[in-house]
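**Student:** So the working numbering is basically just the index in the sequence shown, starting at one, shifted up by 173.
Glycine included, C-beta positions come from ideal geometry on N, C-alpha and C.
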Amino acid sequence: MERKVMTELVKWKDKPNRMPLIVNGARQVGKTYILKAFGETYFENTIYVHLENQMATAAFFEGDLTPTRIIQYMEAAYNQNITAGKTLIILDEIQSSERALMALKVFCEDAPQYHIVTAGSLLGVAVNREKYSFPVGKVDEINMYPLDFEEFLWANGKQFFAEEIKQHFANNQPFAEGIHQMLIELYKHYLITGGMPAVVKQFVETQKFTDIIDIQSRILNEYLADMAKYASASTSVKIRACYNSIPTQLAKENTKFQYKVVQKGGSATLFGESIDWLESEG
Numbered sequence: 174m175e176r177k178v179m180t181e182l183v184k185w186k187d188k189p190n191r192m193p194l195i196v197n198g199a200r201q202v203g204k205t206y207i208l209k210a211f212g213e214t215y216f217e218n219t220i221y222v223h224l225e226n227q228m229a230t231a232a233f234f235e236g237d238l239t240p241t242r243i244i245q246y247m248e249a250a251y252n253q254n255i256t257a258g259k260t261l262i263i264l265d266e267i268q269s270s271e272r273a274l275m276a277l278k279v280f281c282e283d284a285p286q287y288h289i290v291t292a293g294s295l296l297g298v299a300v301n302r303e304k305y306s307f308p309v310g311k312v313d314e315i316n317m318y319p320l321d322f323e324e325f326l327w328a329n330g331k332q333f334f335a336e337e338i339k340q341h342f343a344n345n346q347p348f349a350e351g352i353h354q355m356l357i358e359l360y361k362h363y364l365i366t367g368g369m370p371a372v373v374k375q376f377v378e379t380q381k382f383t384d385i386i387d388i389q390s391r392i393l394n395e396y397l398a399d400m401a402k403y404a405s406a407s408t409s410v411k412i413r414a415c416y417n418s419i420p421t422q423l424a425k426e427n428t429k430f431q432y433k434v435v436q437k438g439g440s441a442t443l444f445g446e447s448i449d450w451l452e453s454e455g
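Put into structure tokens, the structure is as follows:
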């Protein structure tokens, strides 16, 4: 699935003053998929380290954070050579390991020749809640989001329409009514799928909205589970209330987020922290 963020990754790869890269974004926006595709396309080999599921990988970052030592551990664990400029190192779920986050600073200062990318779904939450030390000024960052409408058209094999929209917009030229209605229908399909890669993939394969409901529900449940896992019980209730109010907020003529929609008498004092949490989550 073609994503625009790949262009940003390639630019980062070729930067002379490149630093370790953090790809921020909510769960299920395709961070892991795009980073693996990036490695397969632009590097000779890729080392993929999942910091949450592979507990043994924590040993890479215990004790001394010298880059040479960490590289040696990874080479032994994955039975692959790690060559600067030819190997991509992916550290997934970086929010699970403060030591791994600290190591990025060391690599930036002492071993900038290595290409290291990380992905984290709740990094902002972890930094604020666990008081992690963030390597300010020692990392590059990219924000990743669900597919936009152009990417949705690409995924559906409608590249021609994507280009036509840009040309007609640039020339201030209207579409013929039949084409316009076809594009409106495609846009409605995009709004219904929501742009999450797994949902779009399923829709592309079957063209049935009934087939995407379970996937959308699973993603929503993962978000709700994160709210319970990474926030206190009292804060979690407020976060869910804010989150559940979003459809009503968007349906209003006044597009400003209003706390009174969340709860009668609601205020920034009561719900401001919850909004900050949602923003940090991506």
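1) Roughly how many angstroms separate the alpha carbons of L208 and I263, rounded to a whole number?
2) Any idea what DSSP makes of Y284, helix, strand or coil?
3) On a CA-only basis, which of E314, A273 and T260 is nearest L194? Give me that one, please.
4) Among K374, T366 and S405, which residue has its Cα nearest to the Cα of L393?
5) Let me know the beta strand (DSSP E) ranges lying completely inside the stretch 178-246, each 3 residues or longer, listed in chain order.
6) Taking the alpha carbon of S270 as the point to measure from, which residue in N218, P240 and A229 has its own alpha carbon closest?
7) Let me know if N190 comes out buried or exposed under the rule of 16 or more other beta-carbons within 10 Å of its beta-carbon.
8) Quick one: residues in its chain with C-beta nearer than 7 Å to the C-beta of K425, no 5 flanking neighbours on either side, listed in chain order?
9) Within 10 angstroms of the Cβ of S407, are there 16 or more other Cβ atoms? Answer buried if so, exposed if not.
10) Assign R176 to buried or exposed, taking buried as 16 or more other Cβ atoms, counted over all protein chains shown, within 10 Å of its Cβ.
11) Decide if K204 is buried, meaning its Cβ has at least 16 other Cβ atoms within 10 Å, or exposed.
**Tutor:** Per the coordinate set shown:
1) Numbered from 1 along the sequence shown, position 35 holds the residue referred to as residue 208. Numbered from 1 along the sequence shown, position 90 holds the residue referred to as residue 263. L208 and I263: Cα-Cα distance of roughly 7 Å.
2) In the sequence shown, counting from the first residue as 1, residue 284 sits at position 111. With the sequence shown as reference, residue 284 is identified as Ala, and Tyr is not the correct amino acid for it. Looking at A284 - three-state DSSP - the assignment turns out to be coil, as it is neither helix nor strand.
3) In the sequence shown, counting from the first residue as 1, residue 194 sits at position 21. Measuring from the Cα of L194, the nearest candidate turns out to be E314.
4) Walking along the sequence shown from the start, residue 393 turns up at place 220. Cα-wise, what sits closest to L393 is T366.
5) 194-197 and 218-223
6) Position 97 of the sequence shown holds residue 270. Residue A229 is the option with its Cα nearest to S270.
7) As a working mapping, residue 190 is identified with position 17 in the sequence shown. N190 comes out exposed.
8) Within the sequence shown, the letter at position 252 stands for residue 425. Here the set comprises nothing.
9) As a working note, residue 407 is residue 234 in the sequence shown. Classification for S407: exposed.
10) Looking up residue 176 in the sequence shown gives position 3. So R176 ends up on the buried side.
11) Here residue 204 is taken as the residue at index 31 of the sequence shown, counted from 1. It counts as buried.
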